[in-house]
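Undergrad: Okay, here's the structure, questions in a sec.
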Amino acid sequence: MHQATPRPSPRPLRARARWTGYRSSRSLGWLLAVSLVGCGGAQRSEPKVSDPDDTSATGASTAAPGARPAQATSQQIPVAPDDPVWGDPNAPVTIVQFSDFECGFCAMAEPTLEALRARYGASRLRIVYKHLPLPRHTNALPAAMVSHAVWLELGDAAFFRFARRLFEIQSQLSSDALVFAAAEAGLDPRRLQALISAGELERKVGRDTAQAEALGIRATPSFLVNGVLIEGAASDERFNQIIEAELREGAELSQQGAAPGTIYAARVAANFQPPAPRGAREAREPEAPDTEVWKVDLGDSPALGPKDALVTIVEFADFQCGFCRRVAPTLARLRAEHPNEVRVVFKHYPLPNHERAEPAATLAIEAKRQRGNDGFWQVHDRLMEGDGELDDASLLRVAADAKLNVAAVRLALSRKSHQERILVDKDQAADLRVSGTPQFFINGRRLGGARPFEEFDALVREELKKAQEAVASGVPRAEYYQRRMQTARGLPALELLQVAPPSAEHASRGPAKAPVTIQMFMDLQCPFCARVQSTLGRIDKKYPGQLRWVWRDLPLDSHRQAPAAAAAAREVLEQRGAQAFFRYTDQLFQAQRDPQFGRELFEQLAVEAKVDVQRFNQALDRGAHGAFIQADVKAAKDAGIVSTPNFAINGYVIRGAQGYNQFRRVIDRALEDARRGRAASVE
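Quick note, my numbering runs 513 ahead of the 1-based positions in the sequence shown.
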């Protein structure tokens, strides 16, 4: 499955995780030749800003690995002395995490794990990290080895900070990137080279992989919560349900006199289901799909099949995605076998790493504009059945074959005329936590990836049976889908949050007396903060004159350059004002992936902002803005904000890089509150 933005997904990547045959001189050779140039050097003094979400402060030991307390363990699912651990060694709930630094779904699971840490704390929750680099991910083994080197030298807290950093730069796990990231974490490149040569790093990853195989785990991410298996980047709700149940069971064991260090083994013994023999596992029935029903509005999206079909399959797809093309015959077969009962609805979700996906989507939308549903599906079929060539010339040939006005198509492609229509579908995808293609909602139930026909058909038949029962009880066929959506899961519930008000010294834009104030808690090295900027720009255009945007700093220690970036931006604000400040922060977000992201780049951009460079450097060298930044960090911590980005909106909160529709919903509510003169409320 292709991945786009890192949001939770219900399914794990599937691949063999056997260690045998995975080692290769090719995959390790470049690490053995790590560069020793350019990773050290003197550092300018930077304002030290504590991270309220720093693992060293919230549960991961900062002691050397050999000096940390003994860990509660189990014979069935051991916690080894060389496993990175966050949380109390005798916490009543343990999550054993098998992960791969190059796995997109593992990255998507990280925000959920952060939320669990914040909710349950180190006294009630322990997270144990184990390596499962999949063979298809060529950089995963080296990344795992380097991360273990960080653990060996710097301990648990440093490991979890480093792991978070690797997930953030997941698409750039080159040799230089890994060595540089390790050096930033505090690991000398020469020491890294010595550890690699000694062979223990590779042996550690091999032990973890062998344990995964013995436990029947062959996909990432996989989690064992006191022995209960969760596969894939599951929702917060799924984890919370299991953790709450395990906390109750642990409390009961404690009341019966069980020592804290024995609870983990006791609960694993009660919960863990040993794997079936390999042959039986490979022949087992497909895993049951997610039972949650999501609210999926159809809008004016192209549809194929009867309007009163009892089963509606909504597909989010990308014309450049090979998996989307692979599953197209399955959808055709479903319609052929259920001609009166199945309707397919198409939603556009061109992935950012597929450069020709958006032009192909533009052609398909233009075909619908010119020739309606028939025109769309004719172009759709050609694109899905074709050879994958999506350059302009190929698209225009498809347009001509579909009897479209080719000149109008050419104009639409050059002007990107249907970008707003594509954004509507992408906004809906964000609301539904769609993170890759293809992804399907069958009467609201999620099914991800190019699954076998049998899995689709089983879910279709299950939903068809429910629909037929509803029709038999009096529900009109044509109304069934909409009635099912009435009780489906929609946007997240409104959440209230009170934050200390900003001062006149905070950077802001928009009318001072705007009815809605949006306080943005940001980290200039946070990729999610960068990603949400396009959504914020669209929101600002949607509500002209009604929004005041206020910047609040929350640089995390896991982002080593973030405190200096925050200080640099504050100095630009002090010298050049708010307009220059926001231009500067925009430039920093755009430069995040630059290998030179650091003090010299900050200074270069400051020169472009026409600041007094001598004064700029003096301010950063003496930590002139550290106290102000610390005050924002404290305000965030006092309000329960532990990650970035977060948005406090007139007493409401949006956590994370949410979609356009969620921002609109909260802002509309805040505007209505302001109009009525009432306080924020979830009622």
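Idealized CB from N, CA, C, for every residue including glycine.
Is it the case that the Cβ atoms of VAL606 and ILE590 are separated by a distance below 9 Å?
TA: Along the sequence shown, read from residue 1 onward, the residue named residue 606 stands at position 93. Along the sequence shown, read from residue 1 onward, the residue named residue 590 stands at position 77. For VAL606 and ILE590, no; Cβs fall outside 9 Å.
Undergrad: Just to confirm my understanding: we take LYS881, look at its own chain, exclude 5 residues before and 5 after, and list those with CB closer than 7 Å. What are they?
TA: Locating residue 881 in the sequence shown gives position 368, where the first residue counts as 1. Cβ neighbours of LYS881 beyond the five flanking positions: PRO815, GLY888, PHE889.
Undergrad: Could you check where the alpha helix (DSSP H) with GLY763 kicks off and where it finishes?
TA: Taking the first residue of the sequence shown as 1, we reach residue 763 at position 250. From DSSP, the alpha helix (DSSP H) with GLY763 extends over 749–768.
Undergrad: For VAL911, which of helix, strand or coil comes out of DSSP?
TA: In the sequence shown, the residue the question calls residue 911 occupies position 398. Of the three classes helix, strand and coil, the one that applies to VAL911 here is helix, per DSSP.
Undergrad: So, SER1156 versus PHE618, is the Cβ gap smaller than 9 Å?
TA: Here the question's residue 1156 lines up with position 643 in the sequence shown. Here the question's residue 618 lines up with position 105 in the sequence shown. Result no, Cβ atoms of SER1156 and PHE618 do not sit closer than 9 Å.
Undergrad: Does DSSP put GLY733 in a helix, a strand or coil?
TA: As a working note, residue 733 is residue 220 in the sequence shown. Note that residue 733 is Thr in the sequence shown here, rather than Gly. Strand, per DSSP.
Undergrad: Nearest-angstrom Cα distance between PHE829 and THR950?
TA: Indexing the sequence shown from 1 puts residue 829 at position 316. Indexing the sequence shown from 1 puts residue 950 at position 437. Spanning the two alpha carbons is a distance of roughly 6 Å.
Undergrad: With a threshold of 8 Å, establish whether the CB of MET1035 neighbours any heavy atom of the ligand COA.
TA: This structure simply doesn't include the ligand COA, nor any ligand for that matter.
Undergrad: Are the CB atoms of HIS931 and GLU1008 nearer to each other than 9 Å?
TA: Against the sequence shown, residue 931 aligns to sequence position 418. Against the sequence shown, residue 1008 aligns to sequence position 495. Not a contact, by the Cβ cut-off of 9 Å.
Undergrad: With a cut-off of 8 Å on the beta carbons, I'd call VAL855 and ARG846 a contact; round off their distance for me.
TA: Sequence index remark: in the sequence shown, residue 855 carries index 342 (1-based). Sequence index remark: in the sequence shown, residue 846 carries index 333 (1-based). The Cβ separation is near 10 Å, so there is no contact.
Undergrad: I'd like the span of the alpha helix (DSSP H) that includes PHE673, first residue to last.
TA: Looking up residue 673 in the sequence shown gives position 160. Run containing PHE673: 669–681, per the alpha helix (DSSP H) assignment.
Undergrad: Rounded to whole angstroms, what is the Cα-Cα separation between LEU817 and ALA1020?
TA: The residue given as residue 817 occupies position 304 in the sequence shown. The residue given as residue 1020 occupies position 507 in the sequence shown. In a straight line, the C-alpha of LEU817 is about 51 Å away from that of ALA1020.
Undergrad: Buried or exposed: which applies to ALA1017, given that a residue is buried once 16 or more other Cβ atoms fall within 10 Å of its Cβ?
TA: Here residue 1017 corresponds to residue number 504 of the sequence shown, with the count starting at 1. By the 10 Å Cβ count, ALA1017 comes out exposed.
Undergrad: Using three-state DSSP, classify PRO560 as helix, strand or coil.
TA: For the purposes of this step, residue 560 is taken as residue 47 along the sequence shown, with counting starting at 1. Low confidence applies here, because PRO560 scores a pLDDT of 33, under 50, leaving its location unreliable; read the following figure in that light. It is coil, neither helix nor strand.
Undergrad: Which stretch, first to last residue, makes up the beta strand (DSSP E) that contains TRP1062?
TA: Numbered from 1 along the sequence shown, position 549 holds the residue referred to as residue 1062. 1060–1066 is the extent of the beta strand (DSSP E) around TRP1062.
Undergrad: Could you name the residues of the same chain whose beta carbon sits closer than 6 Å to that of PHE614, not counting the 5 residues immediately before and after it, in chain order?
TA: Counting from one through the sequence shown, the residue named residue 614 turns up at place 101. Excluding sequence neighbours, PHE614 sits near ALA653, ALA656, LEU679.
Undergrad: Got a sec, what are the start and stop residues for the alpha helix (DSSP H) LYS1147 sits in?
TA: Here residue 1147 is taken as the residue at index 634 of the sequence shown, counted from 1. Segment 1139–1151, the alpha helix (DSSP H) holding LYS1147.
Undergrad: Classify PHE614 as helix, strand or coil using the three-state DSSP reduction.
TA: Position 101 of the sequence shown holds residue 614. Reduced to three states, the DSSP call for PHE614 is coil.
Undergrad: Can you give the beta carbon distance from GLN1100 to ASP1125, rounded, assuming they're within the 8 Å contact cut?
TA: Within the sequence shown, the letter at position 587 stands for residue 1100. Within the sequence shown, the letter at position 612 stands for residue 1125. About 18 Å separates the two Cβ atoms, so there is no contact after all.
Undergrad: Near HIS1072, what residues of its chain come up, given a Cβ to Cβ distance below 7 Å and the 5 sequence neighbours on each side ignored?
TA: Working through the sequence shown from its first residue, we reach residue 1072 at position 559. Closer than 7 Å at Cβ, skipping near neighbours: ASP1036, GLN1038, CYS1039.
Undergrad: Rounded to whole angstroms, what is the Cα-Cα separation between GLN833 and ALA925?
TA: Looking up residue 833 in the sequence shown gives position 320. Looking up residue 925 in the sequence shown gives position 412. If I take the Cα positions, the gap works out to 19 Å.
Undergrad: Please confirm whether GLU982 and ARG958 have their CB atoms less than 9 Å apart.
TA: The residue you call residue 982 lines up with position 469 of the sequence shown. The residue you call residue 958 lines up with position 445 of the sequence shown. No, the Cβ-Cβ distance between GLU982 and ARG958 is not below 9 Å.
Undergrad: Below 7 Å CB to CB, which residues in the same chain sit around VAL471 once its five sequence neighbours on both sides are set aside?
TA: No statement about residue 471 is possible, as the shown extent of the chain runs from 514 to 1196 and does not include it.
Undergrad: Ends of the beta strand (DSSP E) at GLU828?
TA: Start at 1 with the first residue of the sequence shown, and residue 828 comes out as number 315. Run containing GLU828: 824–830, per the beta strand (DSSP E) assignment.
Undergrad: Would you list the residues sitting across from ASN454 in a DSSP beta bridge?
TA: Residue 454 is absent from the structure shown; the chain starts at 514 and stops at 1196.
Undergrad: Just to confirm my understanding: we take VAL1195, look at its own chain, exclude 5 residues before and 5 after, and list those with CB closer than 8 Å. What are they?
TA: As a position in the sequence shown, residue 1195 is number 682, starting the count at 1. ALA1006, LEU1007, GLU1008, LEU1009, listed in sequence order.
Undergrad: Whole-angstrom Cβ separation of LYS808 and ALA725, contact assumed at under 8 Å?
TA: In the sequence shown, the residue the question calls residue 808 occupies position 295. In the sequence shown, the residue the question calls residue 725 occupies position 212. Not really, about 36 Å apart at Cβ, beyond 8 Å.
Undergrad: Look up ILE709 in the DSSP assignment and say whether it is helix, strand or coil.
TA: For this step, residue 709 is matched to residue 196 along the sequence shown. If DSSP states are grouped into helix, strand and coil, ILE709 belongs with the helices.
Undergrad: Report the rounded CA-to-CA distance for ALA779 versus GLY1058, giving the unit in angstroms.
TA: Looking up residue 779 in the sequence shown gives position 266. Looking up residue 1058 in the sequence shown gives position 545. Looking at the two C-alpha atoms, the distance is approximately 60 Å.
Undergrad: Leaving aside the five residues before and after LEU1086 along the sequence, list all residues of the same chain whose C-beta is less than 6 Å from its C-beta, in chain order.
TA: Numbered from 1 along the sequence shown, position 573 holds the residue referred to as residue 1086. The answer, listed in chain order, is ALA1020, PHE1094.
Undergrad: At the level of alpha carbons, what is the spacing between PRO624 and GLY1172?
TA: For the purposes of this step, residue 624 is taken as the residue at position 111 of the sequence shown. For the purposes of this step, residue 1172 is taken as the residue at position 659 of the sequence shown. So the two alpha carbons sit approximately 16 Å from each other.
Undergrad: Of all the beta strand (DSSP E) runs that stay within the bounds of the segment 923–1009, which reach a length of 3 or more residues?
TA: Listed in chain order, they are 952–955, 958–961.
Undergrad: How big is the Cα-Cα spacing for VAL1063 and ASP669?
TA: Position 550 of the sequence shown holds residue 1063. Position 156 of the sequence shown holds residue 669. Each residue's Cα considered, the two are about 36 Å apart.
Undergrad: In the DSSP assignment, what residue or residues form a beta bridge with ALA816?
TA: Sequence index remark: in the sequence shown, residue 816 carries index 303 (1-based). The partner list for ALA816 (beta bridge, DSSP) reads VAL858.
Undergrad: Measure the CB-CB distance between GLN1117 and ALA1043 and report whether it falls below 9 Å.
TA: As a position in the sequence shown, residue 1117 is number 604, starting the count at 1. As a position in the sequence shown, residue 1043 is number 530, starting the count at 1. Taking 9 Å as the Cβ cut-off, GLN1117 and ALA1043 do not qualify as a contacting pair.
Undergrad: Helix, strand or coil for THR625 per DSSP?
TA: As a first step, residue 625 is located in the sequence shown; it is residue number 112 there, counting from the start. In this structure, THR625 counts as helix in the three-state DSSP scheme.
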